[in-house]
Amino acid sequence: MDILLNVITNEKIIEEITISGSKSESNRLLILQQLFPEISIANLSDSDDSVHLQQALSTKGSTIDIGHAGTAMRFLVGYFASKKNSEVVLSGSERMQQRPIGILVEALRDLGAKISYEEKEGYPPVRITGQTIAKDKVQINGNVSSQYISSLLLMGTHLAKGITISLIGKVTSIPYIKMTLSLLNQLGISTRFEGNTIQVFPVKQLQKQTVVVESDWSSASYFYSVAAFSEIGSTIQLSAYKKESLQGDSCLAEIYSHFGVETVFDQNTISLKKIRPTDAGPLTLDLKNAPDIAQTIAVTCFGLGVACHLTGLHTLKIKETDRLEALEAELKKLGAVLTITNESLSLSASTKIEENIAIKTYNDHRMAMAFAPLAFKVPIAILDAEVVSKSYQKFWKDMQQIGIQIKEL
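Just so we're aligned, residue 13 is where the sequence shown starts under this note's numbering, counting upward by one.
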């Protein structure tokens, strides 16, 4: 489905939106629930990724196709590696079969897991023969995707000796590692993270409990962008969020103050208030701890004519698409002047935005959602718009609620 987005009026926005649970937290908890049935989950994400993960965990078949769900792929490799008397082939979409998994597989093999590649070495699909994992110590590079490390940590909760992970070199995406550890602590599982060593201590059983998943901060980023584009006095209330968040993307509250957006916390909601004009100066950010919001920030800066230099983006090249190349291609179609490297994006300030440009989404939900708020500046088309369901099922409905008109092409 291709759609055209347009905003007819520039009146102040006063709206309330409820966003489903964090995909990141939900997927971690779904794995933990399999290991510890005492856990119940409330406000679970309704994203495609979480749905695919639930289906994979409940399937009785020997082949599991998780589509585009990268988090599910990585977490399931660790889960099935330690599930005794099971044998599965984990596969996915064409893009999933281009996303590397070799570093995680090698770490699991070092622990004693039995995993082989069905086709290309280092990439899905993989065949996993589950067995008892006796070893408890492993090394892995610290600058790899945090999902590799979290997969090991989640699996380690159920190993007889727990797990000790030594991170080699510089550690990136620390908030996502800390999210995993904080969830474990919340459930009653002891952990330790000192220097470059992470330890999860063994536990046989947990107390019966219900965990309420905080709403997704990555999903909130698109409303921050809308607020930045809106008239002074606009307010968008989002639920359910908390000030002391486990999610690294909660740094949005500080970042978007540059664009004149104030974040007000109140019990389980946040209110995004446009209180002043955008700061004219350039924005320089290291997003190594929150790379998933890079696309939103880049588009916001372009729409407001703000120069930016974003670094720490090396993991974007192995996401649903090469997000840096995708951003460069689509922003240039709109008239942007920018350069990218393997880990950075530099955007020049500009005042003109080309109208009625069709934005390719590259099978990437965040491309569709990051560009959508630009409709508050110019009419814009989004190709393959249904891709948003990967993380945010009712995204277009919520965009309509805040004033974007949508026409199917």
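Beta carbons: idealized from backbone N, C-alpha and C, even for Gly.
Contact between Ile177 and Val150 is confirmed by a C-beta separation of about 6 angstroms, below the 8 angstroms threshold. Counting only unbroken stretches of 3 or more residues, the beta strand (DSSP E) elements lying wholly within the region 287-375 are 295-298, 320-323, 350-352, 357-359 and 369-371, in sequence order. Scanning its chain for C-beta atoms nearer than 6 angstroms, with the 5 sequence neighbours on each side dropped, one finds around Thr184 the residues Asn155 and Lys300, in chain order. Scanning the region 20-48 for uninterrupted alpha helix (DSSP H) segments of 4 residues or longer gives 35-47, listed from N- to C-terminal end. By a beta-carbon distance limit of 8 angstroms, Thr83 does not contact Val101. Their separation comes to about 19 angstroms.
Closest by C-alpha distance to Leu322, out of Glu274, Ala240, Ala310 and Ile31, is Ala310. Annotation for Ile210: Ile177 place their beta carbon closer than 6 angstroms to its own, counting only its chain and skipping 5 residues before and after. Taking C-beta atoms as the reference points, Thr144 and Glu99 fail to come closer than 7 angstroms. For Leu102, the enclosing beta strand (DSSP E) has its first and last residue at Glu99 to Ser103. Inter-residue distance for Gly293 and Gln249 is about 28 angstroms (C-alpha atoms, whole angstroms).
The region 122-166 contains, as complete beta strand (DSSP E) runs of 3+ residues, the segments 126-129, 138-141 and 149-153 (chain order). Spanning the alpha carbons of Ala68 and Tyr253 requires a straight line of approximately 28 angstroms.
For Asn153, same chain residues with a beta-carbon under 8 angstroms away, outside a window of 5 residues either side, are Ile115, Leu179, Ile180 and Gly181 in chain order.
Spatial neighbours of Gln198 in its own chain (CB-CB distance under 8 angstroms, excluding positions within 5 residues in sequence) are listed in chain order as Val223. Between Phe388 and Val117, the CB-CB gap reaches or exceeds 7 angstroms. Here Lys402 carries a helix assignment [DSSP, helix/strand/coil].
For Ala239, the closest alpha carbon among the candidates Ile53, Met411 and Ile43 is that of Met411. Looking at the DSSP output, Asp77 bridges to Ser103.
Cβ-Cβ separation between His170 and Leu47: approximately 5 angstroms, consistent with a contact (criterion under 8 angstroms).
Approximately 16 angstroms separates the beta-carbon atoms of Asp278 and Trp229; this is outside 8 angstroms, ruling out the contact. A straight line joining the alpha-carbon of Ser157 with that of Thr192 spans about 13 angstroms. Taking all protein chains shown into account, Asn55 has 16 or more neighbouring C-beta atoms within 10 Å of its C-beta and is therefore buried. Burial is judged here by how many other beta carbons sit within 10 angstroms of a residue's own beta carbon; Asn354 has fewer than 16 and is exposed.
For Glu420, the secondary structure class from DSSP, reduced to helix, strand or coil, is strand. Burial check for Asn39: the Cβ neighbour count within 10 Å reaches 16 or more, so the residue is buried. Under the three-state reduction of DSSP output, Ile267 falls in the helix class. Each of Tyr236, Pro391, Ser59 and Leu328 was checked against the Cα of Ile287, and the nearest Cα belongs to Tyr236. In the DSSP annotation of this structure, the continuous segment of the beta strand (DSSP E) that includes Ala54 starts and ends at Ile51 to Ala54. Assignment of Glu118 by DSSP, reduced to helix, strand and coil, places it in the helix class. Sequence-distant Cβ neighbours of Asp298 in its own chain, meaning closer than 6 angstroms and more than five residues away, are Thr323 and Gly324. Assignment of Ile282 by DSSP, reduced to helix, strand and coil, places it in the strand class. In terms of CA proximity to Arg139, Asp77 leads the group Ser283, Pro385, Gly174 and Asp77. In this structure, the straight-line span from the alpha carbon of Gln413 to that of Glu27 is close to 8 angstroms.
The alpha carbon of Ser105 has as its nearest neighbour, out of Phe205, Met379, Pro391 and Tyr374, the alpha carbon of Tyr374. Put simply, the region 118-136 does not touch the region 52-66. Fewer than three CB pairs are less than 8 angstroms apart.
Taking C-beta separations shorter than 7 angstroms and ignoring five residues to either side along the sequence, the partners of Asp61 in its chain run Lys35, Asn39, Ala81, Thr83, Ala84, Lys402 and Ser403, following chain order.
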